């Protein structure tokens, strides 16, 4: 953060920059320019860095922290002009207007133009996919067999991956990550904070979902390999769930000496059948989305639609099924399954009352991830109301992922995760000037 204009006072004060109201229109040309800068700048020394330990908190703080914002978007109510958020012991202790909140004596004070909850990326592979795009840091997709629900994301997640440090600098404090689309069932996902030394420290939800793919991405091109068609994909999925039903019944009814041997794959699918864990299906074409809806109805499973680039063709069906959509990145390249994508899909789904969250998605080229903040900004420029766009990367995302009791809004008792900006977060000239996770200042360098 910039200390140049700090005003001496009884607290350690850090100032923000000029405020831009969040309702200012976003210019598409600005966002395009920023996307280009992001893509080219990702290879800079600061972004790429050297392999090594994830950066610790830049300013460890044992006492309370007071964050003052010209505008504080709590996402639990209307924005607060000249707001203050008090953080203590890793939690939010108080939120309110400056005149109603007393800053504790000796607290460290941070100032910013805009304060938001820590941002949430609703679907990524970061931590399994690495920044160097080399075999040694690419654990997001196992190609040996098409159905692998037993693969745990927590066993592959690398807390020291430099990509995590990079996205953390943009205010992203929580990520739903795991095995990538590309196999019929590629494995499990997990939800983690973006700061900490070990998986045990960062994990919020060890197993968040089972990731499946209904698209040509999951088709085998070699002769005689399965699945090779959409029909075969659905038949294989249905067959595995029928096996899981039978496995569950035998384990429940058989005597101890006659129970079937444990199967990690079947146990995971039973958890899906029991609605304990959702099935997240990456499906973009309308026919594949329809197949996912049929599968969910047949086996009464919880479904998250992922990608869903043609979901605007099935709005009534998706709404009737009460299914949330983790919408594809706004700046996804429009080819293949995404050739009929629209920048307006997020806005159309939101207007129809379908729960949505934004994601960075999976990229097969460096830097291996997008930044969900800019994906939401592009949706805001194309029909998604701006506060809804912010909600799609904070509270609405938290609700879909089932973690809104911990994160997603600035409310007393929730985790002290905040993002601080020197201007409108959706304006490409603004910077994230501070990231706080669990009450620790983990990033201060403007990014």
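Numbering (my numbering), first residue to last: 35 to 481. Where is the CB? At the ideal position from N, CA and C, for every residue including glycine. Predicted, not measured: the structure shown is a model, and the values here were computed from it.
Check: Residue 394 classed as buried or exposed, judged by whether at least 16 other C-beta atoms fall within 10 angstroms; Outcome: buried
Check: Start-to-end residues for the alpha helix (DSSP H) that takes in residue 291; Outcome: Counting along the chain, residue 291 falls outside any alpha helix (DSSP H), and DSSP gives it neither H nor E.
Check: Rounded C-alpha distance that separates residue 375 from residue 428; Outcome: 24 Å
Check: Contact under 9 Å by Cβ, residue 172 with residue 178; Outcome: no
Check: Continuous beta strand (DSSP E) stretch holding residue 422: start and end; Outcome: Careful: residue 422 lies outside any beta strand (DSSP E), inside the alpha helix (DSSP H) at 420 to 425.
Check: Which listed residue (321, 140, 475) has its alpha carbon closest to that of residue 250; Outcome: 321
Check: Pairwise C-alpha distance: residue 119 and residue 127; Outcome: 8 Å
Check: Chain-order list of residues whose beta-carbon lies under 7 Å from that of residue 479 (same chain, five-residue window excluded); Outcome: 203
Check: Unbroken alpha helix (DSSP H) run spanning residue 126, endpoints; Outcome: Counting along the chain, residue 126 falls outside any alpha helix (DSSP H), though it belongs to the beta strand (DSSP E) covering 125 to 131.
Check: Of the residues 154, 193, 150, the one placed nearest residue 161, counting alpha carbons only; Outcome: 193
Check: Residue 415 vs residue 426 beta-carbon contact at 9 Å; Outcome: no
Check: Spatial distance of residue 210 from residue 269 (CA atoms); Outcome: 28 Å
Check: Length of the line joining the Cα atoms of residue 366 and residue 372; Outcome: 8 Å
Check: When 332, 111, 144 are compared against residue 466, the one with the closest alpha-carbon; Outcome: 144
Check: One or two residues paired with residue 154 in a DSSP bridge; Outcome: 208
Check: Backbone CA spacing between residue 399 and residue 135 [nearest angstrom]; Outcome: 47 Å
Check: Burial state of residue 438 (16 or more Cβ within 10 Å); Outcome: buried
Check: Beta bridge counterpart(s) of residue 243 as assigned by DSSP; Outcome: 223
Check: Whole-angstrom C-beta distance between residue 147 and residue 451, which should lie under 8 Å; Outcome: So it is not a contact: roughly 19 Å between Cβ atoms.
Check: CA-to-CA distance, residue 181 to residue 481, given in whole angstroms; Outcome: 40 Å
Check: 9 Å Cβ cutoff, residue 165 in contact with chain D; Outcome: You won't find chain D in this structure, because it holds only one protein chain.
Check: Simplified DSSP state of residue 374, which is helix, strand or coil; Outcome: coil
Check: Sub-9 Å separation of residue 101 and residue 347 beta-carbons; Outcome: no
Check: Close-in-space but distant-in-sequence residues of the same chain around residue 293 (CB under 6 Å, 5 per side omitted); Outcome: 285
Check: The region 230 to 238 contacting the region 273 to 282, beta-carbon criterion three pairs below 8 Å; Outcome: no
Check: Euclidean distance between Cα positions of residue 281 and residue 266; Outcome: 22 Å
Check: Alpha-carbon to alpha-carbon, residue 351 and residue 430; Outcome: 21 Å
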